[in-house]
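S.K.: Sequential numbering of the sequence shown, starting at 279, is according to my numbering.
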Amino acid sequence: MRTIAIMNNKGGVGKTVTAINLADILVRDHGKKVVLVDCDGQRNASRFLLPHTNLEDVITVRDLLLGEGEPLWDDNVQEVSEDFLLLPSTPALYRLDVAAIMGNAEERQAVHIKALRDFRMAIEEDGSIDFLLFDCPPGFTTSSCAALLAASEVIIPMVMDGFNFDGITDMEEQIASMREANADIRITGVLINQWHNADVVHQGEKLVRSLGLSVFGTVIRRTDKVPESTFDRSPIVSYSPGSAASQDYRSWVNELLGEV
Ligand SMILES: Nc1ncnc2c1ncn2[C@@H]1O[C@H](COP(=O)(O)OP(=O)(O)OP(=O)(O)O)[C@@H](O)[C@H]1O
Ligand SMILES: [Mg+2]
């Protein structure tokens, strides 16, 4: 099983769109079985994938982080489709971050920071899942740290602007600092998102490819079909199969699977 955190300290770079479409294409085109964990209190992935579920009524990542999940891993997840399972999130997840800073000792101790690692181990032991993905929130929050303790790989979506470049160096340092607790973790690659034909993008791409980081050869082009697909709550390959982003995400998943 590959265990991948989709993470960037920077917000709004395409982490959730990438997590959803990666999961969808792995299941749809490659026959893989996928578990996606929504680690973000914004719960964009959960609302997108389970629009009719009341997230207050189901087990979420917050329950696992509080040690309140079900003992069998698959009793904690919701079915998006037969081969696509989701551990959702709710805004209540933010309360863990507040408690970590403002809470008393009991509240701080209530967080099981290794809960997602234990969740991974249980899934791995079961042997039926091919990919475990974490859609991380922006910033090193309780749940993103828990995801980085559980994952072996990190994919960093980024867009080409100066503020993203400041963040990318910080990301490298922070992931290196996680190695004390998770020796396995490595950056599989930076994924250039919202690519378009402009000087600033060409220059940014040249710069990011010169930093010595692993950067995917495939880039994801900018297209309005992506924000449209978020209103429609359909993965890009169903919403607009002929769009640039649909083609790019399919090519990129092939690259990730080592098929190009
Ligand atoms: N290839 C693309 N072309 C055009 N718009 C895109 C593309 N990818 C993402 N977007 C848009 O960029 C915005 C941010 O995307 P997304 O929510 O996936 O980012 P994020 O990194 O998960 O954000 P957050 O840090 O808030 O979790 C959304 O409005 C999305 O529709
Ligand atoms: Mg997101």
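Even glycine gets a Cβ: it sits at the ideal position worked out from N, Cα and C.
Since LEU374 is in the alpha helix (DSSP H), which residue starts that stretch and which ends it?
M.R.: Here residue 374 refers to the residue found at position 96 of the sequence shown. Counting along the chain, the alpha helix (DSSP H) containing LEU374 begins and ends at 372-380.
S.K.: In chain order, what are the residue ranges of uninterrupted beta strand (DSSP E) at least 3 long that sit wholly in the region 431-508?
M.R.: Runs found: 431-436, 464-470.
S.K.: Quick check on the burial criterion: 16 or more other C-beta atoms within 10 angstroms. Buried or exposed for LEU350?
M.R.: The sequence position of residue 350 within the sequence shown is 72, counting from 1. Exposed.
S.K.: Which first and last residues belong to the alpha helix (DSSP H) in which VAL313 is found?
M.R.: As a first step, residue 313 must be located in the sequence shown, where it is residue number 35. Careful: VAL313 lies outside any alpha helix (DSSP H), inside the beta strand (DSSP E) at 312-316.
S.K.: Let me know if MET436 comes out buried or exposed under the rule of 16 or more other beta-carbons within 10 Å of its beta-carbon.
M.R.: Here residue 436 is taken as the residue at index 158 of the sequence shown, counted from 1. With 16 or more other Cβ atoms within 10 Å, it is buried.
S.K.: With burial defined as no fewer than 16 other Cβ atoms inside 10 Å of the residue's Cβ, what is the status of PHE509: buried or exposed?
M.R.: Residue mapping note: residue 509 aligns to position 231 of the sequence shown, counting from 1. Exposed, by the Cβ-count rule.
S.K.: Which full runs of the alpha helix (DSSP H) of 4+ residues lie inside the region 280-313, going along the chain?
M.R.: Listed in chain order, the complete alpha helix (DSSP H) runs (minimum 4 residues) inside the region 280-313 are 293-308.
S.K.: Taking THR280 as the reference, give the member of GLN452, ALA378, ARG398, ARG325 with the closest Cα.
M.R.: In the sequence shown, counting from the first residue as 1, residue 280 sits at position 2. In the sequence on display, residue 280 carries Arg and not Thr. When only C-alpha atoms are compared, the closest one is ARG398.
S.K.: Helix, strand or coil for VAL336? Go by DSSP, reduced to three states.
M.R.: Within the sequence shown, the letter at position 58 stands for residue 336. Three-state result, VAL336: coil.
S.K.: To which residues does DSSP link GLN356 through a beta bridge?
M.R.: In the sequence shown, the residue the question calls residue 356 occupies position 78. For GLN356, which the question treats as bridged, DSSP gives the partners LEU364.
S.K.: I believe ASP316 touches SER367 by the beta-carbon criterion, under 8 Å. Please report the beta-carbon distance rounded to the nearest angstrom.
M.R.: Counting from one through the sequence shown, the residue named residue 316 turns up at place 38. Counting from one through the sequence shown, the residue named residue 367 turns up at place 89. Between SER367 and ASP316 the Cβ distance is about 4 Å, and since that is below 8 Å, they are a contact.
S.K.: So what's LEU327 in DSSP terms, helix, strand or just coil?
M.R.: Position 49 of the sequence shown, counting from 1, holds the residue named residue 327. In this structure, LEU327 counts as helix in the three-state DSSP scheme.
S.K.: Straight-line CA distance for VAL468 to ASP361?
M.R.: The residue labelled residue 468 in the question sits at position 190 within the sequence shown. The residue labelled residue 361 in the question sits at position 83 within the sequence shown. Whole-angstrom Cα-Cα distance: 27 Å.
S.K.: What whole-angstrom Cβ distance do ILE401 and VAL313 have, given they're in contact under 8 Å?
M.R.: Translated into the one-based positions of the sequence shown, residue 401 becomes position 123. Translated into the one-based positions of the sequence shown, residue 313 becomes position 35. Yes, ILE401 and VAL313 are in contact; Cβ-Cβ is about 6 Å, under 8 Å.
S.K.: Which of helix, strand or coil does DSSP assign to ASP413?
M.R.: On the sequence shown, position 135 is the one that residue 413 refers to. Note: ASP413 maps to strand in three-state DSSP.
S.K.: Starting from THR420, trace the alpha helix (DSSP H) both ways and give me its first and last residue.
M.R.: Start at 1 with the first residue of the sequence shown, and residue 420 comes out as number 142. Where THR420 is concerned, the enclosing alpha helix (DSSP H) stretches over 420-428.
S.K.: Taking VAL531 as part of the alpha helix (DSSP H), name the residues at either end of that continuous run.
M.R.: On the sequence shown, position 253 is the one that residue 531 refers to. Segment 522-534, the alpha helix (DSSP H) holding VAL531.
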